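Working notes, beginning with the structure itself.
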Amino acid sequence: MVGLITAFRNILKIPELRARVLFTLAMLAVFRIGAHIPTPGIDGEALSKFLLERGGAVMGFFDIFTGGALSKVTIFALGVMPYISASIIFQLLTVVIPSLAKLAKEGEEGRKKITRYTRYATVVIAAIQGFGIAIGLESMGGGQFIQDPGWSFRFVTMITLTAGTAFLMWLGEQITEKGIGNGISLIIFAGIVARFPNACFYTYNLVRTGELSIFFVLILVAVMVGVVAGIIFIERGQRRIPIQYAKRVVGRKMYGGYTTYLPLKINSAGVIPPIFASSVLMFPATVAGFIAVPWVQALAKQLSPGSFLHIILYVGLIIFFTYFYTAVIYNPVEIAENLQKNGGYITGVRPGQKTSEYIYRVLSRLTFIGALYLSAVCVLPEILIAKFKVPFYFGGTSLLIAVGVALDTVSQIETHMISRSYEGFFKKFRIKGRKD
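Take the sequence shown: its letter number 285 is residue 290 in the working numbering, and every next letter is one higher.
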């Protein structure tokens, strides 16, 4: 505890790090303020109650990622999900479109162009979703939540929600550049953490009314602690492949002759697969719940968290995005070529194609374990929630994102501190982020 207090004091002693931390906190405060600003022409409180009753578990689940802004339809109701959807689209397109794949390999300039295209796509997706929400709001409750329905309301709502998403996208980029990094992830993290007090209060009411026993709540807390411990253990787990560098003479100097490691994490994709999977399932499930057609209502029920169809789709998407994102991060052929160019080789494996095949084999096994881990963390609490009626906000997805982003943030802060000869949060070992 004394070491942690000292580490926090050291943060204030480093001017650049202090400025970055304060800037990040200020931007997150702006996000939380905006999450309470209502969209013009909407009775937010009455609508929130209606949506949570009508949307059920689906609305409660996706409301986590916006910090409660979705259920109240505030200016940040769409959150950063359109940006995530646009990122998914362009990462998929870079695989199938040669021109985009070429841009991705052009270094910083190519990435800047893809980022610009992603921003444009974000605005288009947000506008479409905002317009759909406006139309849906007019049909809810006979239009009782709308002060002046019509095209003016639809246009204003679309512009407001699109502008809110664009502002959050800019806010995330500012945190990444001028703050402590991971801007978009930190915004999602802030939305999740902001719902925690409400979840505690909701749990307290359930205990007070006798719907939940104190013993069951203690078990729930123990499960949460166990899940958090498991997440931290797996997120830190990695397979180290020993790399041997042969001795070589360049000019009058000798290079090589040492051993290092190629670290491959069990969960290389981090929290990206659950976020991507959630964003894909988010709006179809939510919109379907508000259409008064029998077969659509039945579909909405099947897509609600805890249902068999939702679990199958969720697990399938998590596994797909885990493999896909790992393939984006790691290219075994490129790694093998770089090792061969620098005189490195894996003991017992021939350089070149055999090395790439070996790395691919190891990476595939680790990715499979990582995909099962992500699926278990995200789905098992969902099953328990549906069966035992515990508060949904204690779901595995939110815990996974919160813990993963927290570890990455601590890692980045600690890197700043150690680079300036200050001790990190822990003396005996260093917290490593997913990019280390």
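Every residue, glycine too, gets a C-beta built ideally from N, C-alpha and C.
Predicted, not measured: the structure shown is a model, and the values here were computed from it.
Here's the rule I'm using: 16 or more other beta-carbon atoms within 10 Å means buried, otherwise exposed. How should residue i be labelled?
{"i": "K77", "result": "buried"}
{"i": "E339", "result": "exposed"}
{"i": "R200", "result": "buried"}
{"i": "P279", "result": "buried"}
{"i": "L17", "result": "exposed"}
{"i": "A407", "result": "buried"}
{"i": "G231", "result": "exposed"}
{"i": "M422", "result": "buried"}
{"i": "A195", "result": "buried"}
{"i": "Y266", "result": "exposed"}
{"i": "E216", "result": "exposed"}
{"i": "A282", "result": "buried"}
{"i": "Y125", "result": "exposed"}
{"i": "Q96", "result": "buried"}
{"i": "E240", "result": "buried"}
{"i": "E50", "result": "exposed"}
{"i": "P20", "result": "exposed"}
{"i": "V101", "result": "exposed"}
{"i": "L223", "result": "exposed"}
{"i": "G275", "result": "buried"}
{"i": "E419", "result": "buried"}
{"i": "S369", "result": "exposed"}
{"i": "A24", "result": "exposed"}
{"i": "T264", "result": "exposed"}
{"i": "I246", "result": "buried"}
{"i": "I38", "result": "exposed"}
{"i": "V212", "result": "exposed"}
{"i": "A227", "result": "exposed"}
How far does the alpha helix (DSSP H) with residue i in it reach, from first residue to last?
{"i": "Y335", "result": "Run containing Y335: none; DSSP gives neither H nor E here."}
{"i": "I224", "result": "I219 to R241"}
{"i": "S92", "result": "M86 to V101"}
{"i": "V129", "result": "E113 to S144"}
{"i": "V161", "result": "W156 to K183"}
{"i": "L191", "result": "G188 to A199"}
Based on the DSSP output, what are the partners of residue i in its beta bridges?
{"i": "T264", "result": "Q249"}
{"i": "I151", "result": "I47"}
{"i": "K270", "result": "Q243"}
{"i": "T79", "result": "P43"}
At which residues does the beta strand (DSSP E) containing residue i begin and terminate?
{"i": "I351", "result": "G349 to I351"}
With C-beta atoms as the reference, is residue i less than 7 Å away from residue j?
{"i": "V4", "j": "T360", "result": "Since the displayed the chain opens at 6 and closes at 441, residue 4 lies outside it and no answer follows."}
{"i": "I94", "j": "T44", "result": "no"}
{"i": "L108", "j": "K118", "result": "yes"}
{"i": "V384", "j": "V320", "result": "yes"}
{"i": "G348", "j": "A251", "result": "yes"}
{"i": "G242", "j": "I277", "result": "no"}
{"i": "T158", "j": "G46", "result": "One point to set straight first is that residue 158 is Phe, not Thr, in the sequence displayed. Yes, these two residues count as a Cβ contact at 7 Å."}
{"i": "S92", "j": "T123", "result": "yes"}
{"i": "P337", "j": "Q345", "result": "no"}
{"i": "I192", "j": "F36", "result": "yes"}
{"i": "P87", "j": "A131", "result": "yes"}
{"i": "L83", "j": "Q152", "result": "no"}
{"i": "L52", "j": "F150", "result": "yes"}
{"i": "A40", "j": "A74", "result": "yes"}
{"i": "T120", "j": "Q249", "result": "no"}
{"i": "R244", "j": "L225", "result": "no"}
{"i": "S85", "j": "I189", "result": "The sequence given here has Val at residue 85, not Ser. Yes, the Cβ-Cβ distance between V85 and I189 is below 7 Å."}
{"i": "T127", "j": "M174", "result": "yes"}
{"i": "L304", "j": "H315", "result": "no"}
{"i": "I197", "j": "M32", "result": "no"}
{"i": "L405", "j": "I323", "result": "no"}
{"i": "I334", "j": "S416", "result": "no"}
{"i": "T162", "j": "A139", "result": "yes"}
Quick check: the segment 327–335 against the segment 361–381, are there 3 or more CB pairs under 8 Å? The segment 327–335 is in contact with the segment 361–381.
Between the segment 175–185 and the segment 12–31, do three or more beta carbon pairs fall short of 8 Å? Cβ pair count under 8 Å is three or more, so yes.
Does the contact criterion of 3 or more C-beta pairs under 8 Å hold for the segment 12–22 versus the segment 400–414? By the Cβ test, the segment 12–22 is not in contact with the segment 400–414, since fewer than three Cβ pairs between them sit closer than 8 Å.
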